[in-house]
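If you count the sequence shown from 1, you need to add 5 to reach my numbering. Glycine included, every Cβ here is placed at the ideal spot set by N, Cα and C. In this text the structure is predicted, and so the values were computed from the model without any measurement. Single-structure report; data block below.
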Amino acid sequence: MKSLAFIFASLALVAAAADRPIVGVDRAYIDSSVSPCKDFYDYANGAFNKVAIPGEYSNWGVNQEIDERNFAILKGILESSARTRGSKGSVAQRVGDFYAAGMDEAAIERDGLKSLAPYFAEIDNLKAGADVVPALGRLMAHGVDAGFGFGIQIDDKDTTAMIAGFSQGGLGLPERDYYFRAGPEAEEIRLAYVAHVARMFELSGYKTDTAKNAATTVMAFETKLAQASRTLVDLRDPEKNYNKFERASLTKLAPGFDWEGFFSAIDFPGVQKTVLVGQPEFYTAFAGLLANEPIETWRVYLRWHLLRQTSNYLAHSFVDETFAFYGKKLSGKTELRPRWKRVLAAADSAIGEDLGQLYVQQAFSPAAKARALAMVKFHLEAMRSRIEAAEWMSDATKAQAYRKIDSMRAKVGYPDKWRDYRTLTLTRDSYVRNALAASAFEFRRQLGKLGQSVDRNEWLMTPQTNNAYYEPTLNEMCFPAGILQPPFFDEKADDASNYGALASTIGHELTHGFDDQGRQYDWQGNLKNWWTDDDAKKFQVRAELVAKQYDAYAPLPGLHINGQQTLGENIADVGGLRISYEAFKLATAGRQRSSIDGFTPDQRFFIAFAQGWRTNQRPEQLRLQVTSDMHSPVRWRVLGPVANFPEFRTAFGCKESAPGWPPIW
């Protein structure tokens, strides 16, 4: 039974103000009645477990607290830009006009679906299956995706070149297994999805019976697309999903798929003679659907995806209906986010680096950037030491691993050169037209990369994003200013707190370069085997142990984590904690390290790590994550890494025996 002191402390946390300081190690969240050796997540975060989840969120924790603080800064920027009306073509003009259009609910209600009329006309003009693929190209070029995935990317096996890539896609549910998973809950979601699609059709003008029939048609059609799609586990194999085709041979892959009609519709350069097709069997099946599905099925399907992708920019009835399914049913949210937050998110997606220029002026100092870069340096040194200590690796493989570490770049804070949006026209006339114009701008920008040198200075996230990434084809890590915020990073905090909290960021992303996928890319970012056969087998043995460890975790009764689906992220979590711990030791070597607030430096490191994951999740969101995400739920992102970490057990005086297995890193 919990003590009264613990209960009162929990209630106090629930009532705490939103602007409560966020620190790396916070005693208020600790439940000292729990042994850190038995459940370190509940020890570090037990008091926080009682904190209520706000209605607009499907989960609430440290990331959302950082987001809220970032949102407050961005809201001020957006509102100020909307008031001042910057000169035409300026950053302030684009930011202000996009926000003003999004906040003008009266104009959005008056517009209805008028702004989508050209897109509906494109769909209505389809007469036969042969018309579909060129029409898809025209829709994609104007900001509407459907049917399959298409984009421009770095060639995985020639990272000096950009190439077009085709992938599976076209689904309205989170991923392909939602169409086939057994059980009453899975069936309930499918029925709710069909009902949602029907209501969206009704809102667009269909009569009730027609809308229901159309929704049933959409579900049947998407199920066929799902049948041709690979599973999340299959999509994790970069070699199997790298398939280069000569442009002239694509017709043999998918007879009846009008490849050249698609290329013509998007103004694809004729000099580009090769493309990548990630899942060739999907396009073979897609060609079969072109030949066999009635044209009305295609019209209905495309109308649905036009509505689905634009619904959040339309009248409140569409917004509310979309939230009812994707927000409430799938994620468990109970309240729609305030309009300003939704428009902010849209602006971040549309003109993120315009917004970022204004954000970093307020939120990220030169001193913060300098300290973060120093931390990255110690992490790289720590990874080098882990490679050196790996007795299971041969000298030949180690030599290539060192080369990869020595070549790895880190982007911190914000880009050196900002993206140029001057050819993007935004007005205050129509929110949905602005959103589609921004999507079309991005499509053209990406297409323009073909035939050009790879831009290694481009950022794949906006500076205000509370996230980070490792990109294997560039062999680089990126840590935006939006995540380098307290408690993950505080330029004034002690090293134990910063290194512990950033184990899930710097250590994690660095380890992605050497997880089961990242290890397949060499120092130049090429998908190329640089391992001896024996070393590759030894890596796989260790990776299987990680997969089995996480297979055993059950976030909900009867629902286990899929260790193969989440393997790369789990390796990065486990290895990232080790790398950050050793980076912390390197950074503080030769310096006196004192206890703070009753915790030793090592204890502070591990508590900061665990409290950096403190999050309460709704059951619906937890189920959605386990079934469709590559990441394990937060509790197991703490418990998994510390389970086989001797220094953790020493720090907290754990006497009980712990499972042990040979680590990868």
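Rounded to whole angstroms, what's the CA-CA distance from residue i to residue j? Just pull it up for me.
| i | j | result |
| --- | --- | --- |
| Y48 | A395 | 32 angstroms |
| K409 | D527 | 6 angstroms |
| W65 | A404 | 44 angstroms |
| F53 | R623 | 14 angstroms |
| A594 | I601 | 18 angstroms |
| E190 | E625 | 10 angstroms |
| I576 | A368 | 32 angstroms |
| F519 | R449 | 34 angstroms |
| W535 | E251 | 27 angstroms |
| A169 | L515 | 27 angstroms |
| S435 | A112 | 7 angstroms |
| A10 | R74 | Bear in mind that the predicted position of A10 carries a pLDDT of just 43, short of 50, making it unreliable; the figure below should be weighed with that in mind. Between A10 and R74, the C-alpha separation is close to 30 angstroms. |
| E127 | I566 | 43 angstroms |
| P651 | R583 | 10 angstroms |
| I35 | D495 | 21 angstroms |
| Q569 | G81 | 43 angstroms |
| E193 | A200 | 11 angstroms |
| V56 | S633 | 26 angstroms |
| F383 | D411 | 12 angstroms |
| F273 | S322 | 38 angstroms |
| T165 | V138 | 30 angstroms |
| W666 | L307 | 51 angstroms |
| K422 | E463 | 8 angstroms |
| N297 | A151 | 18 angstroms |
| G357 | P492 | 24 angstroms |
| V546 | L564 | 25 angstroms |
| F291 | A77 | 45 angstroms |
| E386 | R598 | 21 angstroms |
| C659 | D607 | 14 angstroms |
| S209 | L629 | 28 angstroms |
| V579 | P560 | 18 angstroms |
| L16 | A656 | Residue confidence is low: L16 scores 40 on pLDDT, short of 50, so the model does not pin down where it sits. No coordinate-derived value is stated. |
| A648 | G573 | 18 angstroms |
| T2 | Y62 | The first residue shown for the chain is 6 and the last is 670, placing residue 2 beyond what the model contains. |
When you measure from the CB of residue i to every non-hydrogen atom of the ligand NAP, does any distance come out below 7 angstroms?
| i | result |
| --- | --- |
| A49 | Summarising the ligand content, the structure contains no ligands, and the ligand NAP is consequently not present. |
Helix, strand or coil for residue i, going by three-state DSSP, please let me know.
| i | result |
| --- | --- |
| Q622 | strand |
| I168 | strand |
| T289 | helix |
| A415 | strand |
| Q158 | strand |
| L455 | coil |
| F250 | strand |
| W528 | coil |
| T302 | helix |
| D163 | strand |
| L178 | coil |
| G280 | Residue identity check: residue 280 is Val in the sequence provided, not Gly. The answer is strand: DSSP assigns V280 an E or B state. |
| D353 | helix |
| V30 | coil |
| T215 | helix |
| A270 | helix |
| L131 | coil |
| E340 | coil |
| W535 | coil |
| P371 | helix |
| F185 | coil |
| Y48 | helix |
| N567 | coil |
Does residue i get closer than 8 angstroms to chain D when you measure Cβ to Cβ?
| i | result |
| --- | --- |
| A350 | You won't find chain D in this structure, because it holds only one protein chain. |
Residue i bridges to which residues according to DSSP?
| i | result |
| --- | --- |
| W670 | Answer is none; W670 lacks a bridge partner. |
| I601 | F604 |
| N64 | Q622 |
3-residue-minimum beta strand (DSSP E) runs that sit fully inside the segment 459-505, ordered along the chain:
Complete beta strand (DSSP E) runs here, min 3: 474-476, 481-485.
Taking contact to mean 3 or more Cβ pairs, one atom from each stretch, closer than 8 angstroms, check whether the segment 474-485 and the segment 586-594 are in contact.
No: fewer than three Cβ pairs fall under 8 angstroms.
Under 8 angstroms, with one C-beta from each stretch per pair, do the segment 481-495 and the segment 349-369 reach the 3-pair mark?
The answer is yes - the segment 349-369 touches the segment 481-495, with three or more Cβ pairs under 8 angstroms.
Whole alpha helix (DSSP H) runs in the segment 537-564 with 4 or more residues, listed along the chain?
Whole alpha helix (DSSP H) segments, 4+ residues: 538-556.
Check whether the segment 296-313 touches the segment 334-342, counting contact only when three or more Cβ pairs, one atom from each stretch, lie closer than 8 angstroms.
Too few Cβ pairs lie closer than 8 angstroms, so no.
Any chance the segment 171-186 sits against the segment 459-471, with 3 or more Cβ pairs inside 8 angstroms?
Using a Cβ-Cβ distance cut-off of 8 angstroms, the segment 171-186 and the segment 459-471 are not in contact, since fewer than three pairs of beta carbons, one from each stretch, lie closer than that value.
Can at least three beta-carbon pairs, one atom from the segment 375-382 and one from the segment 438-458, be found at a separation below 8 angstroms?
The segment 375-382, when compared against the segment 438-458, does not touch it at the 8 angstroms Cβ threshold.
What beta strand (DSSP E) runs, 3 residues minimum, are completely inside the segment 67-107?
Listed in chain order, the beta strand (DSSP E) elements of length 3 or more contained wholly in the segment 67-107 amount to none.
Would you check if the segment 236-251 and the segment 282-289 touch, i.e. whether three or more CB-CB distances between them fall below 8 angstroms?
Using a C-beta cut-off of 8 angstroms, the segment 282-289 makes contact with the segment 236-251, since at least three inter-stretch Cβ pairs fall below that distance.
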